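Before any comments, here is the structure.
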Amino acid sequence: MTLKARLAASGVDSAHARVVYGASGVALVVVDGEGENSIVVTPGANAAFTSLTEAELATVRGADVLVAQLEIPVETVTEAALAARAAGVRVLLNAAPARTVPTELLDAVDLLVVNEGEARTISGRGRDHPEALLSLVPRAVVTLGDQGAWYCDRDGTVVRVPAFKVDTVDSTAAGDAFTGALAVAWGEGRELVDAVRWACAAGAACVRRLGASVSLPQRAEIDTIFGTPA
1 MTLKARLAAS GVDSAHARVV YGASGVALVV VDGEGENSIV VTPGANAAFT SLTEAELATV
61 RGADVLVAQL EIPVETVTEA ALAARAAGVR VLLNAAPART VPTELLDAVD LLVVNEGEAR
121 TISGRGRDHP EALLSLVPRA VVTLGDQGAW YCDRDGTVVR VPAFKVDTVD STAAGDAFTG
181 ALAVAWGEGR ELVDAVRWAC AAGAACVRRL GASVSLPQRA EIDTIFGTPA
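Numbering follows UniProt numbering, with no gaps: position 123 of the sequence shown is 123.
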């Protein structure tokens, strides 16, 4: 099954997906006995995604939330974020993989999502100092794997959200499940602490299965885990 066919089967509108000629990006994932992974990425055609068309910019401007990450050129991400910001669209940046993020991009971000290593790269501080990111962005989430996540904002909120306890088979795509669920919950109007908890449920659902895209959960599965004690 092609990627676009899989997206369609999952109910994702891929009408605006762009085909770039060249080798597709590839991620090689090694999973250890505890379900933790190491990933080696060859960007391939991802690196060719430079600049946005007017149609793509119009789609960005009409969104509820723009979700971006750093597996395409940072210049393209910045262009999209600035367009979203100018249109009043909220910008969620998952700053992965870890790298230095330009100030111009950070200035356009409403909510930053990073893991421990990415937080250290961006702010110079580790997992126990999520508030260090608030000098750069107004709201931040630091994911902690099976320890849950931190949420903090410039209004003074600093909350540790616990993880849901499940048997981990493969942690691949757990961060992607978390970020996607967080964006959905935020876009639907949940308070962000509650949205982070729902995102933790999505991550927990994901790690119970082997694989990446095939392990991403449906809403009903997330809701079931969300209804159990963390």
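C-beta atoms are modelled at their ideal positions from N, C-alpha and C, and glycine is treated no differently. Since the structure is predicted, the reported quantities are computational estimates derived from the model, not experimental observations.
Identity of the residue in the options nearest residue i by Cα
| i | options | result |
| --- | --- | --- |
| V89 | L70, A95, D110 and E79 | D110 |
| A202 | G33, V166 and T121 | V166 |
| T100 | A83, G124, A86 and R85 | G124 |
| A81 | S213, L105 and A5 | L105 |
| L23 | A173, A181 and A45 | First, the residue type needs correcting, since residue 23 is Ala and not Leu in the sequence shown. Here the closest residue by C-alpha is A45. |
| A95 | I72, F164 and A83 | I72 |
| L182 | C200, E116 and G148 | C200 |
| G145 | P138, T172 and A9 | T172 |
| T59 | A98, C206 and A87 | A87 |
| T53 | V19, P43 and G180 | V19 |
Identified DSSP bridge partners for residue i
| i | result |
| --- | --- |
| V60 | The partner list for V60 (beta bridge, DSSP) is empty, contrary to what the question assumes. |
| T2 | T2 pairs with nothing; no bridge assigned. |
| A27 | V41 |
| L66 | V91 |
Exposure of residue i, with buried meaning 16 or more beta-carbon neighbours within 10 Å
| i | result |
| --- | --- |
| S135 | exposed |
| I39 | exposed |
| E191 | exposed |
| V158 | exposed |
| Y151 | buried |
| D176 | buried |
| P162 | exposed |
| S215 | buried |
| G180 | buried |
| A204 | buried |
| E188 | exposed |
| V193 | exposed |
Rounded distance between the beta-carbons of residue j and residue i, thought under 8 Å
| i | j | result |
| --- | --- | --- |
| A65 | L92 | Note on residue identity: the sequence assigns Val, not Ala, to residue 65. Sure, about 6 Å apart at Cβ, within 8 Å. |
| L57 | A83 | 5 Å |
| L133 | A149 | Not a contact, Cβ separation roughly 13 Å. |
| V169 | T143 | Actually they do not touch by this definition, with Cβ atoms about 18 Å apart. |
| T50 | G25 | Not quite, the Cβ-Cβ distance comes to about 14 Å (not below 8 Å), so this is no contact. |
| T228 | F164 | 6 Å |
heavy atom of the ligand FMN below 8 Å from residue i C-beta
| i | result |
| --- | --- |
| A63 | By its list of ligands, the structure shown contains no ligand whatsoever, and the ligand FMN lies outside what it can speak to. |
If you scan the region 77-121 from start to end, which runs of the beta strand (DSSP E) of 3 or more residues do you find wholly inside it? Listed in chain order, they are 90-94 and 111-115.
Which complete alpha helix (DSSP H) runs does the region 163-228 hold, if anything under 4 residues is left out? Whole alpha helix (DSSP H) segments, 4+ residues: 174-187, 192-206 and 219-226.
Counting only runs that start and end within the region 125-160, where is the beta strand (DSSP E) found for 3 or more residues in a row? DSSP runs (the beta strand (DSSP E)) wholly in the region 125-160: 139-143 and 149-153.
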